[in-house]
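Protein sequence lines, in the order shown, are assigned to chains A and B. Going by our numbering, the first residue of the first sequence is number 521, and it counts up by one from there. Going by our numbering, the first residue of the second sequence is number 521, and it counts up by one from there.
2 protein chains.
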Amino acid sequence: MNITKFAIPEIIFGRGSLNYAGQCALRLGARKVFLVSDAGIEKAGWVQRLMDILKKEGVEWIYYPGVTPNPRDVQVEQGAEFYLKNGADVIVAIGGGSAMDTAKGIAIIASNGGHIRDYEGANRVSRPLPPMVLITTTAGSGSDISQFCIITDVKRAVKMSIITRTLVPNISIVDPLILRTKSETLIIQSAIDALAHAVEAYTSTIASPFTEMQSLKAIDLIFTYLPRAVETRSIDCLEKLSIAAVSASMAFSNASLGAEHALAHSLGGRFDMRHGVVHPILLTAVMRFNLDYAEKKLADIGRVVLNKTLDSPRETALAGIERLEAFFASFNVSLKLRQEISEKDKHILKSICKTAVNDACNLTNPRPASWQELLAICQEVW
Amino acid sequence: MNITKFAIPEIIFGRGSLNYAGQCALRLGARKVFLVSDAGIEKAGWVQRLMDILKKEGVEWIYYPGVTPNPRDVQVEQGAEFYLKNGADVIVAIGGGSAMDTAKGIAIIASNGGHIRDYEGANRVSRPLPPMVLITTTAGSGSDISQFCIITDVKRAVKMSIITRTLVPNISIVDPLILRTKSETLIIQSAIDALAHAVEAYTSTIASPFTEMQSLKAIDLIFTYLPRAVETRSIDCLEKLSIAAVSASMAFSNASLGAEHALAHSLGGRFDMRHGVVHPILLTAVMRFNLDYAEKKLADIGRVVLNKTLDSPRETALAGIERLEAFFASFNVSLKLRQEISEKDKHILKSICKTAVNDACNLTNPRPASWQELLAICQEVW
Numbered sequence: 521m522n523i524t525k526f527a528i529p530e531i532i533f534g535r536g537s538l539n540y541a542g543q544c545a546l547r548l549g550a551r552k553v554f555l556v557s558d559a560g561i562e563k564a565g566w567v568q569r570l571m572d573i574l575k576k577e578g579v580e581w582i583y584y585p586g587v588t589p590n591p592r593d594v595q596v597e598q599g600a601e602f603y604l605k606n607g608a609d610v611i612v613a614i615g616g617g618s619a620m621d622t623a624k625g626i627a628i629i630a631s632n633g634g635h636i637r638d639y640e641g642a643n644r645v646s647r648p649l650p651p652m653v654l655i656t657t658t659a660g661s662g663s664d665i666s667q668f669c670i671i672t673d674v675k676r677a678v679k680m681s682i683i684t685r686t687l688v689p690n691i692s693i694v695d696p697l698i699l700r701t702k703s704e705t706l707i708i709q710s711a712i713d714a715l716a717h718a719v720e721a722y723t724s725t726i727a728s729p730f731t732e733m734q735s736l737k738a739i740d741l742i743f744t745y746l747p748r749a750v751e752t753r754s755i756d757c758l759e760k761l762s763i764a765a766v767s768a769s770m771a772f773s774n775a776s777l778g779a780e781h782a783l784a785h786s787l788g789g790r791f792d793m794r795h796g797v798v799h800p801i802l803l804t805a806v807m808r809f810n811l812d813y814a815e816k817k818l819a820d821i822g823r824v825v826l827n828k829t830l831d832s833p834r835e836t837a838l839a840g841i842e843r844l845e846a847f848f849a850s851f852n853v854s855l856k857l858r859q860e861i862s863e864k865d866k867h868i869l870k871s872i873c874k875t876a877v878n879d880a881c882n883l884t885n886p887r888p889a890s891w892q893e894l895l896a897i898c899q900e901v902w
Numbered sequence: 521m522n523i524t525k526f527a528i529p530e531i532i533f534g535r536g537s538l539n540y541a542g543q544c545a546l547r548l549g550a551r552k553v554f555l556v557s558d559a560g561i562e563k564a565g566w567v568q569r570l571m572d573i574l575k576k577e578g579v580e581w582i583y584y585p586g587v588t589p590n591p592r593d594v595q596v597e598q599g600a601e602f603y604l605k606n607g608a609d610v611i612v613a614i615g616g617g618s619a620m621d622t623a624k625g626i627a628i629i630a631s632n633g634g635h636i637r638d639y640e641g642a643n644r645v646s647r648p649l650p651p652m653v654l655i656t657t658t659a660g661s662g663s664d665i666s667q668f669c670i671i672t673d674v675k676r677a678v679k680m681s682i683i684t685r686t687l688v689p690n691i692s693i694v695d696p697l698i699l700r701t702k703s704e705t706l707i708i709q710s711a712i713d714a715l716a717h718a719v720e721a722y723t724s725t726i727a728s729p730f731t732e733m734q735s736l737k738a739i740d741l742i743f744t745y746l747p748r749a750v751e752t753r754s755i756d757c758l759e760k761l762s763i764a765a766v767s768a769s770m771a772f773s774n775a776s777l778g779a780e781h782a783l784a785h786s787l788g789g790r791f792d793m794r795h796g797v798v799h800p801i802l803l804t805a806v807m808r809f810n811l812d813y814a815e816k817k818l819a820d821i822g823r824v825v826l827n828k829t830l831d832s833p834r835e836t837a838l839a840g841i842e843r844l845e846a847f848f849a850s851f852n853v854s855l856k857l858r859q860e861i862s863e864k865d866k867h868i869l870k871s872i873c874k875t876a877v878n879d880a881c882n883l884t885n886p887r888p889a890s891w892q893e894l895l896a897i898c899q900e901v902w
């Protein structure tokens, strides 16, 4: 094994852990918190709840509500201006991946200046960031744990991956009680996002024993508890999905991902598709593409989802992939690209694959993938 | 599940990772490193090797060599004086638990003042500590990962547990190549120390899913690879033991331990016994004591060490404990207290148990244990 690095934030996990938000901000030296969220979280009442908690702890804040799904470069740059103008310090974000990635992007620009596209790729942020407390409202994106930040470059219509250790927030608060206000669709999409993180991190060329155990745990939990969570909406099941999302995030943050996420970023940048929508379409196709290069690892995943091994690693791996396909099909999600992209836009896939091949995630795919091979995968699942 | 916190340092793991020590110190703002180690590590050449690495990176240092096994309060206080007098900043320690715990104790006194006994127990350190880079030379103590610091109070002849999140160092460097210079005895004792961490963290009343998976992974790895490591001394096996030690440390640092460690601290304070010597004597006796209160969890441990389950959780748990006993017996270690303590000192066990019952680790034992019950356990393994 080569040298491997493993970095995660301090995690405060559990029902009611949101109540620690004010204390966390104070512990990081807050005098004026920069609060980031979006309209959906506001509407569900969580922004007001968080403001009440900050107030109770005597923490001042300034609220930046300008978050949209799949955050864009301009929003991040406007947010940084707002941060600096108001003399804010600790950044506290509550929301899904979009709100948290917006907060991270604002942190980069506020302390490093320039344009967010200057930081695309791995390890390009040099100055330390403002302290961050991230509070996830989904069990999926993992932005509250990870060193990743995904921002759309509007001009190029691509989701940029910005990856650096300094993007690991100081504190991640994961309160499963927040999941109770989520729709069934969002719970499914988020869990599938976490599942894709776990799978691609597990087969990544830079996976380590520390990330591998987290990946397998996440896969196991999502297979067991997502169907039950959808059916019962019980807090016990939602909590298990939260644990899975945290585990998957520890894994992918440190092991990175693969070709499927590279494609998801490019597709998402062009068509504003959420990750959770892309994965059921592409993940198993990419796993089949990787089979010869990651047979043993895909067999490990097979063993977890099948709860047994077959006669050979290859059979176990293939049966596991089929089991995953059946799992996706059991939910009300698209399984073909044509369900999400209109026929007239099909020709754009070529340029999407040419972008995806340069995404940082493609570097750690177990099988090197050219844009032509990525295009073949997209055509296979059209 | 209640609210749980999970905090670990940034970990740099792998063969040759020692080479990152200088860069790590610089990243934490070092101008004059306070270097801590002991005579054994010096003799093995690792202190010189570390100095060469610091020199190459242009890092100045001042060397504090005053570490002994089972570090004492006075040493820590002298070390802090030396730190302050020399205007040092980042603390870099290389060694086993003793060197790293000395470094942590020095960090506490240098920034918080007073006597080290003022900080005994949980969460009693208020001011932030100097940045720390800890480099473990054993696969056992876990001090490089944990929020624990164990210092002997000479007057009371007790090992004090000091536990606080700020004791988690900034960076832990784990380089399995360093293990090649270790004796067989030390490799066995260290691995058994890690095993005891994993077992007691797993049955702790504040274990969480994040610590549980680390515990079981560590137990599995130590069972599989300690015999092979002793036999072959191969770097592959030593690396597995390092992974196990890191995993076990992530677990116990966040889940704490149990009655066995409470006893180990008191015995160690009185008789200067290393943890790795105490555990083979006491661990399984404490597991039997806990059986009615942690049957399911002990059955999980049984499943891992037996690689199968028996007809009932209780049978699996008991067979697992027997398997552990056989495992300890397969190494050249003491299995009875009388092999380590002379008959004339046996009467001291009573006062040792009266001290142990107040150790912070005893609070999280699955079965509440009085000093009389602890004494009965000691007599059982006499």
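All residues carry an ideal CB built from backbone N, CA and C; glycine is no exception. Fair warning: this is a prediction, and the values are worked out from it, not measured in the lab.
Interface partners of residue i on chain A, CB under 7 Å
i               : result
S537 of chain B : I523
M733 of chain B : M733 and K737
Proximal residues of chain B, C-beta to C-beta of residue i below 8 Å
i               : result
E530 of chain A : K525, F526, A527 and R685
I763 of chain A : P729 and F730
G534 of chain A : M521, N522, I523 and T524
Candidates the options: closest to residue i by CA position
i               : options                           : result
T658 of chain B : B:Y745, B:V579, B:K702 and B:G534 : B:K702
H867 of chain A : A:N590, A:I671, A:W902 and A:V553 : A:W902
Y813 of chain A : A:A765, A:T686, A:E845 and A:A889 : A:A889
I532 of chain B : B:V694, B:Y745 and B:T804         : B:V694
D664 of chain A : A:T672, A:V653, A:V674 and A:D673 : A:V653
C757 of chain B : B:R700, B:A771, B:L783 and B:L811 : B:R700
P913 of chain B : B:R858, B:E893, B:N632 and B:I614 : Outside the displayed span of chain B (521 to 902) sits residue 913 of chain B, for which this structure offers no information.
I708 of chain A : A:V688, A:L538, A:V750 and A:V678 : A:V750
W566 of chain A : A:A880, A:E842 and A:L697         : A:L697
N606 of chain A : A:I614, A:A627, A:I629 and A:I582 : A:I582
A642 of chain A : A:G662, A:M680 and A:G616         : A:M680
Which of helix, strand or coil DSSP assigns to residue i
i               : result
K575 of chain B : helix
T684 of chain B : coil
S832 of chain A : coil
V610 of chain B : coil
K563 of chain A : helix
L654 of chain B : strand
D812 of chain B : helix
T701 of chain A : helix
K817 of chain B : helix
K525 of chain B : strand
G536 of chain A : coil
D695 of chain B : coil
T622 of chain A : helix
E842 of chain B : helix
Terminal residues of the alpha helix (DSSP H) in which residue i lies
i               : result
W891 of chain B : W891 to E900
D740 of chain B : P729 to T752
G599 of chain B : D593 to K605
I707 of chain B : E704 to T723
E640 of chain B : No alpha helix (DSSP H) holds E640 of chain B; DSSP gives it neither H nor E.
Span of the beta strand (DSSP E), counted from its first residue to its last, around residue i
i               : result
L869 of chain B : Segment L869 to A876 is the alpha helix (DSSP H) holding L869 of chain B; no beta strand (DSSP E) there.
A756 of chain A : First, the amino acid is wrong: residue 756 of chain A is Asp here, not Ala. Run containing D756 of chain A: none in the beta strand (DSSP E); it sits in the alpha helix (DSSP H), I755 to A775.
E863 of chain B : E863 of chain B -> no beta strand (DSSP E), and no H or E assigned at all.
beta-carbon residue i near the ligand ADP non-hydrogen atom, thresh 7 Å
i               : result
N606 of chain A : No copy of the ligand ADP appears in this structure; indeed no ligand is present at all.
* Report yes or no: do the region 815-828 of chain A and the region 734-743 of chain A share at least 3 C-beta pairs separated by less than 8 Å? => yes
* Between the region 568-581 of chain B and the region 597-604 of chain B, do at least 3 Cβ pairs fall closer than 8 Å? -> They do not touch, by the three-pair rule.
* Asked: Does the region 666-674 of chain B come close enough to the region 854-871 of chain B that 3 or more CB-CB pairs lie under 8 Å?
  -> Result no; under three Cβ-Cβ pairs closer than 8 Å.
* With contact counted as at least three CB pairs below 8 Å, one residue from each stretch, are the region 570-590 of chain B and the region 788-803 of chain B in contact? -> yes
* To do: Check whether the region 573-584 of chain A touches the region 533-546 of chain A, taking contact to mean three or more Cβ pairs, one atom from each stretch, closer than 8 Å.
  => yes
* Asked: Are the region 841-852 of chain B and the region 796-809 of chain B touching by the rule of at least three beta carbon pairs closer than 8 Å?
  -> yes
* Asked: Is it a yes or a no for the region 605-623 of chain B touching the region 553-563 of chain B, going by three-plus beta-carbon pairs under 8 Å?
  -> yes
* the region 710-729 of chain A contacting the region 761-771 of chain A, beta-carbon criterion three pairs below 8 Å -> yes
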